[in-house]
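According to this note's numbering, numbering within the sequence shown proceeds without interruption in unit steps and concludes at 454. From the three backbone atoms N, C-alpha and C, an ideal C-beta is built for every residue, glycine too. Note that the structure is predicted; figures quoted are calculated from it, not measured.
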Amino acid sequence: MCGKLGEGDSPHFAAGFGRTGPTGYPNLAFVPAKWGPSPGFSRTLLRRRRTAGRHMNLEDHLARLNRIGIALSSERDLTRLLATILQEARDFTHAEGGTLYSVEGDRLRFLATQNDALDRRSSATVCAAHEPDEYLPLSRESMAGYVGLTGQAINLEDVYRIPPDRPYRFNSGFDRRYDYRTQSMLMVPMKDAEGHILGVLQLINALDASGTIEPFDGRWEDLVMSLASQAAVAIRNVRLTEELKAAYLDTIFRLSVAAEYKDTETANHIRRVAHYSAIIAEGLGFEPDRVERIRCAAPMHDVGKIGIPESILQKPGKLTPDEYETMKKHTILGARIFDGAEAPLLRTSATVALTHHERFDGSGYPHGLEGTRIPIEGQIIALADVFDALSSPRCYKPAYPIERCLEIIRHECAHHFHPDVVRAFMARIDDVLAVRARYAPEGIAQPESS
Ligand SMILES: [Fe+2]
Ligand SMILES: [Fe+2]
């Protein structure tokens, strides 16, 4: 899964962000500088910006460091955070390029990289190097490994002239691959308040006011280490928030599976309904946040079944009128589970649990709501749930052919289902079927390609 690289082998990777790796960090990616430079960015402008910082005194730098710290601690998006860290560190040191690594066990993982010189080249070159999940062994022989292990900074005037008594060597793979010349380099550890090394910040090629490569000014090493440590804590905080969010969603999913265990439905039913619902919500033009909320709340539609006796849920034959009345209560029980919840996701879950059996014509339950009085979230999940029931085998029926399922849904337009929801569903039927193929109902063969 993971490629091995030497430092300098990495630095230009495109996109890939937004998806996090197993540790919660995003896959290695090239992150564009926040304020440029983009291809065509004026080198003069770049120099002017860099030059402006040259005349700052220590006090100015400390004040700036403080402002950076505040900015980093308020950033919640990991991609933007990494880009900001690199940009700030490079502005601080007038570095042409920079790379961030995280320490993960006995390995270093490339997180993000920027390089003005390569930015000015074609993006095709940059994209060609995209290889997610690239790792470097945490060993003293590599420069980043040395910093990651010892916590000592490395400041070299020329990486091609490392004194022979040093344990590490420079890997020139990246320079060769991109016809680049790394010369000066500053590498500092990223430590948290307890002194644990969380990562390494690498800066390459300090530029003077005329754009000529010069050594990194040793006076700023401590300041850069300070910045790197602020960055480390900011990265860790964002990662913890993301882990918390993932755990939260996982809990919701497991709770829904627990409810479904009592029933005859399956984890894949929950997944399919969640994705069908999100597709419909997208088709209705909802904002991405709302789409995600619906995707995450959809699995909770039958959570109230946790309070319904198994003798009813798993009864093979027809329910008696009394049993049916009991069964209908799963909607109210489900909503009650989320009583008093303030988080928008949980409030949406309550809505979905309560209203997914309401029907557009008012003939549904538990309240017989009609038309637009039924929350749209409930209407979306109603269609997704019914389509899945129709297109999956049940103990009392086989899976219906898709055409027949669609016919039934069309027929129920404005009766069971909201017409807008039906239209959005039909318009995105290809995506719906792709989800169905990916999480095939039990008893239906998986397509070979998935
Ligand atoms: Fe239900
Ligand atoms: Fe369901």
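Shortest gap from the CB of D306 to any heavy atom of ligand 1: under 7 Å. Under the DSSP assignment, Y400 falls outside any beta strand (DSSP E); it carries neither an H nor an E label. Secondary structure at N70: helix, using DSSP grouped into helix, strand and coil. Of the residues A345, V436 and G338, the one whose Cα lies closest to the Cα of G382 is G338. Within the same chain, P171, Y172 and R173 come within 8 Å of E145 by CB-CB distance, once the 5 residues on both sides are set aside. Fully enclosed alpha helix (DSSP H) runs of no fewer than 4 residues occupy 292-301 and 314-317 of the segment 286-328, in order along the chain.
Straight-line measurement puts the Cα of I341 at about 19 Å from the Cα of E362. Just so you know, the alpha carbons of Y105 and V425 end up roughly 46 Å apart. Straight across, the Cα-Cα distance linking L394 with P348 is about 30 Å. Taking 8 Å as the cut-off, the Cβ atoms of P445 and N272 count as close. Comparing C-alpha distances from M430 to each of E411, A441, L62 and R442 shows the shortest one belongs to E411.
No Cβ-Cβ contact shorter than 8 Å links M147 with V192.
For H361, the CB falls within less than 7 Å of some heavy atom of ligand 1.
By the C-beta density criterion, D306 is buried, having at least 16 other C-beta atoms within 10 angstroms. Distances from the CB of H371 to the heavy atoms of ligand 1 are all 7 Å or more. Inter-residue distance for R377 and G368 is about 12 Å (C-alpha atoms, whole angstroms). Secondary structure note for S106: its beta strand (DSSP E) is the uninterrupted segment A99 to E108. With a cutoff of 8 Å on beta-carbon distance, Y443 and R275 are scored as near each other.
Taking the CA atoms as reference points, F114 sits about 17 Å from V237.
With a contact defined as Cβ atoms closer than 8 Å, H98 and L227 miss out at about 13 Å. I380 sits buried, since 16 or more C-beta atoms from the chains shown fall within 10 Å of its C-beta. Two segments are said to touch when three or more pairs of C-beta atoms, one from each, lie closer than 8 Å; by this definition the segment 315-335 does not touch the segment 281-291.
Distance from the CA of S396 to the CA of K332, rounded to the nearest whole angstrom, comes to 22 Å. Taking every protein chain shown into account, the CB of S353 has 16 or more other CB atoms within 10 angstroms, so this residue is buried. Counting the other CB atoms within 10 Å of its CB gives G203 a total of 16 or more, which places it among the buried residues. Around the C-beta of I74, fewer than 16 other C-beta atoms lie within 10 Å, and the residue is accordingly described as exposed.
Taken through DSSP and simplified to helix, strand or coil, P348 comes out as helix. H273 has its CB no nearer than 7 Å to any heavy atom of ligand 1. D81 has its CB no nearer than 7 Å to any heavy atom of ligand 2.
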